[in-house]
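Colleague: Right, I'll just put the structure down here and ask away after.
Number of protein chains: 2
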Amino acid sequence: MTGAAAPVYARVALIGLGLIAASMAHAMRDKGLAGSIVGHARSAETRATALEIGVVDAVFDTAAEAVRDADLVVLAVPVGAMGAIAAEIAPHLAPGATLTDVGSVKQAVIEAVAPHVPAHVHFIPGHPLAGTEHSGPRAGFATLFVNRWWLLTPLPEANAQAVARLEDLLRGLGANVDSMEPAHHDLVLAVTSHTPHLIAYTMVGVADHLRRVTESEIVKYSAAGFRDFTRIAASDPTMWRDVFLTNREATLDILGRFTEELFVLQRAIRMGDGQLLHDYFTRTRAIRRGIIEAGQDTAAPDFGRGAAVPPPAEADS
Amino acid sequence: MTGAAAPVYARVALIGLGLIAASMAHAMRDKGLAGSIVGHARSAETRATALEIGVVDAVFDTAAEAVRDADLVVLAVPVGAMGAIAAEIAPHLAPGATLTDVGSVKQAVIEAVAPHVPAHVHFIPGHPLAGTEHSGPRAGFATLFVNRWWLLTPLPEANAQAVARLEDLLRGLGANVDSMEPAHHDLVLAVTSHTPHLIAYTMVGVADHLRRVTESEIVKYSAAGFRDFTRIAASDPTMWRDVFLTNREATLDILGRFTEELFVLQRAIRMGDGQLLHDYFTRTRAIRRGIIEAGQDTAAPDFGRGAAVPPPAEADS
Ligand SMILES: NC(=O)c1ccc[n+]([C@@H]2O[C@H](COP(=O)([O-])OP(=O)(O)OC[C@H]3O[C@@H](n4cnc5c(N)ncnc54)[C@H](OP(=O)(O)O)[C@@H]3O)[C@@H](O)[C@H]2O)c1
Ligand SMILES: NC(=O)c1ccc[n+]([C@@H]2O[C@H](COP(=O)([O-])OP(=O)(O)OC[C@H]3O[C@@H](n4cnc5c(N)ncnc54)[C@H](OP(=O)(O)O)[C@@H]3O)[C@@H](O)[C@H]2O)c1
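In order, the protein sequences belong to chains A and B.
Here UniProt numbering is used: the first residue of the first sequence is 1, the next is one more, and so on.
Here UniProt numbering is used: the first residue of the second sequence is 1, the next is one more, and so on.
Shown next as structure tokens:
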């Protein structure tokens, strides 16, 4: 324990013990934010690992047992699994408890979970804008959320005190907290994360299918651009399947705009319209500057949150 | 000078004094690979900067003057500018000199440059797979090429001794050298770099045009995926315009495959075909593993070439 704060919750139950849950657990422990931390995951193997590496104080074979007496329950499973778990745990949630989730999509989670939540439980949906392409309990680390956004999408009837208490916890993990409408969240994330991921998956798939270029050439001469795409495209297939299936409308909307725009550039290449290309590429630079100024990234392409790294060897042509 | 090697070339002339030329100059100086280094750039400002920060020993107002008496001439300007420069310098190239370039496209450079090259000069086209999204002489640094590939696409009639000597220099810069056919180079790069860059530019453009999401939201909640794209899309507009205009066929070929593939995934999202998405995302993981095993990247997403960095806070959903 490096912080001296009083615990924000006496007993936290993590349902799902992967990257996000384990990172929360490490940070809560470091900062003394939780009295005790218990959990449940689908497989006995993950439960055993989480216990062994000290992610949780205790594991339970069922989610229903895990949530008993918890004043905070966190759903940290793929988005598509949340509805069934909510139905299972609902009768076992303690009166006054807070139920939150960390799912990457918010409208679908609310639709799937909210109907099961008893009136005496505060359901406050959330989404940390932090992660890696790794998964499982061993992938977790305490600093994952430091200086990253954690978006909450509270329902209109949300209890202000319960929200404030959850925010205390999230700030304790190092996150910056913001609230927005669920539908708006899903659109923003479709632009900043979901569609880029689908595009990266696609580009890596194209490379994979190309017969005239061997896989070893792709791998050997993988330059920035593609190398970044492969990292993105290495993320967990189940998580991302669920993201696209549950944020379908917004993703399809953004994808439609993307192909429209891509066709404009493709035509400019075909027609030799250098002016259009140059103007387009000049405009996109401004957004990058904005992101660096907003502190969401550093000028150095190590994404180095605090890491001192020598000059980059990154982009390439 | 940190190395004690004898200079590989007595006098190197760099035409263009941006990121690539300046990085070569710093590395050649550090390793004692060149007797003297001179240069030319289009603007007086760049010439003055290059001289001031010690990239070159001398600058000349014209490329023709700069190449006089050089035994190595490096064309390090945007691909579209190389033909005119080759025409200008051709009469002034020393007998037995080697002429190389660092352009990101090879067939178009060969078509534009080769016709001007006198019989007594060795033209050996090349392309370092290393760069950043920054440009200009101040962006250069000596370690840019360390452990990166430098592809040569020598013509059938190339002089083996001249090629070997150039390879000595490039290895001296820290690069790994490989040779391939110009057309194959352009296809490989269309997959691993050019098309990914166009896609990144497009995605950033889509975000820029979206009215329902403010630019400040895009910037603030920019998550991995998108953040990586903005970095790629911050690269020099002139350089990239020229890349797409001169590698038109291969880029359009790969773009066609990309949209075809994207439509398959888009349809799967629309139809709710989770199995297809899951299978697709599972396959793309393998390529990533190959790249990490090939040492082109590290498992840590800092792209950390040798940098020790704490666990990543990278991908996101
Ligand atoms: N990774 C990111 O970048 C990121 C970022 C922000 C938000 N998120 C969201 O966070 C959530 C969890 O992601 P993660 O990265 O932590 O995933 P993860 O590392 O793959 O872990 C998922 C956990 O959920 C468990 N699980 C899966 N299906 C289950 C079920 N039906 N019942 C009970 N447990 C089940 C898994 O158990 P087993 O190991 O036993 O299968 C595992 O412990 C997802 O909703 C995701 O959208 C992820
Ligand atoms: N950046 C990368 O990631 C990368 C990687 C591999 C290969 N390359 C290739 O390397 C080459 C140079 O790229 P770079 O990144 O070094 O570019 P850069 O930093 O933008 O520098 C370009 C240099 O070329 C000069 N120049 C432009 N047009 C000229 C002309 N008509 N006559 C004389 N000089 C001219 C510029 O002079 P002013 O400053 O006076 O305009 C500047 O000194 C390009 O062919 C590119 O495709 C780039």
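Built from N, CA and C at the ideal position, the CB exists for glycine as well.
All of these numbers come straight from a predicted model, not from anything done at the bench.
So, at 7 angstroms on beta carbons, what are the nonlocal neighbours of B:S36 in its own chain, with the 5 sequence-adjacent residues on each side left out?
Modeller: Exclusion of the five residues before and after B:S36 leaves R11, D57 as the residues of its chain whose Cβ lies within less than 7 angstroms of its Cβ.
Colleague: Hey, does A:A313 have any beta-carbon neighbour from chain B nearer than 8 angstroms?
Modeller: Model confidence at A:A313 stands at a pLDDT of 34, short of 50, so the residue's coordinates are unreliable; what they give is reported in the following sentence. Under the Cβ distance rule, A:A313 counts among the residues neighbouring chain B, one pair being separated by less than 8 angstroms.
Colleague: What I want to know is whether the C-beta of B:A76 ends up closer than 7 angstroms to one or more non-hydrogen atoms of ligand 1.
Modeller: no
Colleague: Among the residues of its own chain, which have a CB less than 7 angstroms from the CB of A:A63, if the five just before and after it don't count?
Modeller: I15, H40, I85, E88, I89
Colleague: Which one of A:L277, A:L255, A:S193 has the shortest CA to CA distance from A:V264?
Modeller: A:L277
Colleague: Can you find a CB in chain B that lies within less than 8 angstroms of the CB of A:I254?
Modeller: yes
Colleague: Strictly below 7 angstroms CB to CB, what residues from chain B border A:H197?
Modeller: G225
Colleague: Give the single residue among A:S216, A:M239, A:G256, A:R267 whose Cα lies nearest to the Cα of residue 319 of chain A.
Modeller: With chain A covering only 1 through 317, there is no way to say anything about residue 319 of chain A.
Colleague: Tell me the residue span of the beta strand (DSSP E) that contains B:D253.
Modeller: Looking at the DSSP string, B:D253 is not in any beta strand (DSSP E); the run it does join, the alpha helix (DSSP H), is 248-271.
Colleague: Quick one: what's got a C-beta closer than 7 angstroms to B:A94's C-beta in the same chain, skipping five residues either side?
Modeller: D69, A70, D71
Colleague: Between A:P310 and chain B, is there a C-beta pair that is closer than 8 angstroms?
Modeller: With a pLDDT of 29 at A:P310, under the threshold of 50, the modelled position of this residue cannot be trusted; read the value that follows with caution. Output row for A:P310: interface = yes.
Colleague: For ligand 2, I want to know if A:I124 counts as a neighbour, meaning its beta carbon is within less than 7 angstroms of at least one of the ligand's heavy atoms.
Modeller: no
Colleague: Output needed in chain order: residues of the stretch 265-293 of chain B with a Cβ under 7 angstroms from some Cβ in chain A.
Modeller: L265, Q266, I269, R270, G272, G274, L277, H278, Y280, F281, T282, R283, T284, R285, I287, R288, G290, I291
Colleague: Please report the residue range of the beta strand (DSSP E) in which A:A34 lies.
Modeller: 34-40
Colleague: Give the interface partners of B:M203 over in chain A, defined as CB-CB distance under 8 angstroms, in chain order.
Modeller: For the C-beta of B:M203, the chain A residues within less than 8 angstroms are, from N- to C-terminus, T195, P196, I199, F258.
Colleague: Can you pull the DSSP bridge partners for B:F60?
Modeller: BP columns for B:F60 are empty, so no partner.
Colleague: State the DSSP-derived secondary structure class of A:G96, mapped to helix, strand or coil.
Modeller: In the structure shown, A:G96 sits in coil (DSSP, three-state: anything other than H, G, I, E or B).
Colleague: Determine the direct distance from the alpha carbon of A:T153 to that of A:A119, and round the result to whole angstroms.
Modeller: Between the C-alpha atoms of A:A119 and A:T153 there is a straight-line separation of about 18 angstroms.
Colleague: What do you get for B:Q266, buried or exposed, if any count of 16 or more other CB atoms within 10 angstroms of its CB means buried?
Modeller: buried
Colleague: Determine, using beta carbons only, whether A:I232 comes closer than 8 angstroms to chain B.
Modeller: yes
Colleague: Once DSSP output is grouped into helix, strand and coil, what is the label at B:S179?
Modeller: strand
Colleague: Taking only beta carbons into account, state which residues of the stretch 66-89 of chain A come closer than 7 angstroms to chain B, listed in chain order.
Modeller: Here the close residues number zero.
Colleague: Give the residues of chain B in contact with A:P237, contact being defined as C-beta atoms less than 7 angstroms apart.
Modeller: H278, F281, T282
Colleague: Give the residues of chain B in contact with A:A207, contact being defined as C-beta atoms less than 8 angstroms apart.
Modeller: V191, T192, I287, listed in chain order.
Colleague: In chain B, which residues lie with their C-beta within 9 angstroms of the C-beta of A:W149?
Modeller: K220, Y221, A223
Colleague: Whole angstroms is fine: what's the gap from A:V73's alpha carbon to A:G174's?
Modeller: C-alpha separation (whole angstroms): 19 angstroms.
Colleague: Alpha carbons only, please: which of B:A44, B:N247, B:L169 is nearest the one belonging to B:T195?
Modeller: B:N247
Colleague: Can we count B:I15 as close to ligand 2, meaning its CB is less than 7 angstroms from some heavy atom?
Modeller: yes
Colleague: Between A:T49 and chain B, is the shortest Cβ-Cβ distance under 8 angstroms, so that the two count as touching?
Modeller: no
Colleague: Locate the beta strand (DSSP E) running through A:F123, then write down its first and last residues.
Modeller: 122-128
Colleague: Per DSSP, what kind of secondary structure is A:I15 in: helix, strand or coil?
Modeller: strand
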